[in-house]
Each structure stands twice: as structure tokens, then as C-alpha cells.
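To keep things clear, I will list the structure first and then write my remarks on it.
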Amino acid sequence: MVAVNQIQTKITLEDFLEFPETKPSSEYINGKIEQKPIPQGEHSLIQTYLSAKINEVGKANKAALAFTELRCTFGGRSLVIELACI
Numbered sequence: 001m002v003a004v005n006q007i008q009t010k011i012t013l014e015d016f017l018e019f020p021e022t023k024p025s026s027e028y029i030n031g032k033i034e035q036k037p038i039p040q041g042e043h044s045l046i047q048t049y050l051s052a053k054i055n056e057v058g059k060a061n062k063a064a065l066a067f068t069e070l071r072c073t074f075g076g077r078s079l080v081i082e083l084a085c086i
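Position 32, counted from 1, in the sequence shown is what full-length UniProt numbering calls 32; the numbers after and before it change by one each time, with no gaps.
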């Protein structure tokens, strides 16, 4: 298991969205900022390969488009999704 640094100060979602992006990415969950662990090499390789394959098929059919590390804000949370398809 990977340790994740957490900042325990409660803030609003609006305040969080004003902050600059960080490396590694930070997420807003239940009023707290949580820093995501840095993905390891194999994880990044799988993520890149999978998104390329989804885009190869999805774009040709105009059915899907894959994004890696996409920030999604909804339901009072702001997350950085590993692989999002729209």
C-alpha cells in the first residue's frame, strides 16, 4: 500500500478550484485536499496503452474519446480520474 499525504484543513470546493494544479495531482474529497500517489511505471504504461486503443477504436466510430488524468468536478467533489471516456 502506498502512503498518501493529506492536508487536513477543511475548505470549500470553490476555494479548492482556485488553487493551482499540483504534481502529483490533488483531489477534493469531503472538504479535504488529498494528494494522489504518483503512479508507478507499469501503471502509467497500461494507462497510456489503454487510452490509445480506446481512442483508436472510438474515434473511428465517433463513439468514444479517452482522456488520462482528467479533472472531474461533480457532486461536491473534484477528482483526477485515471482514465475517463466520453
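All residues carry an ideal CB built from backbone N, CA and C; glycine is no exception. Since the model is a prediction, treat every value here as computed from it, not as a measurement.
Is the separation between the beta-carbon of C72 and that of L79 shorter than 9 Å?
yes
Taking the C-alpha atoms as reference points, what is the distance between V2 and K59?
Summary for V2: the model assigns pLDDT 48, below 50, so the residue's position carries little reliability, and this model does not support an answer.
Could you give the DSSP three-state label for I46: helix, strand or coil?
helix
May I have the straight-line CA-CA distance separating L13 from I46, to the nearest angstrom?
31 Å
Just confirm the distance between the C-beta atoms of I38 and P24, as a whole number of angstroms; I'd bet it's less than 8 Å.
The C-beta distance from I38 to P24 rounds to 5 Å, short enough to fall under 8 Å.
F67 (DSSP reduced to helix, strand or coil)
strand
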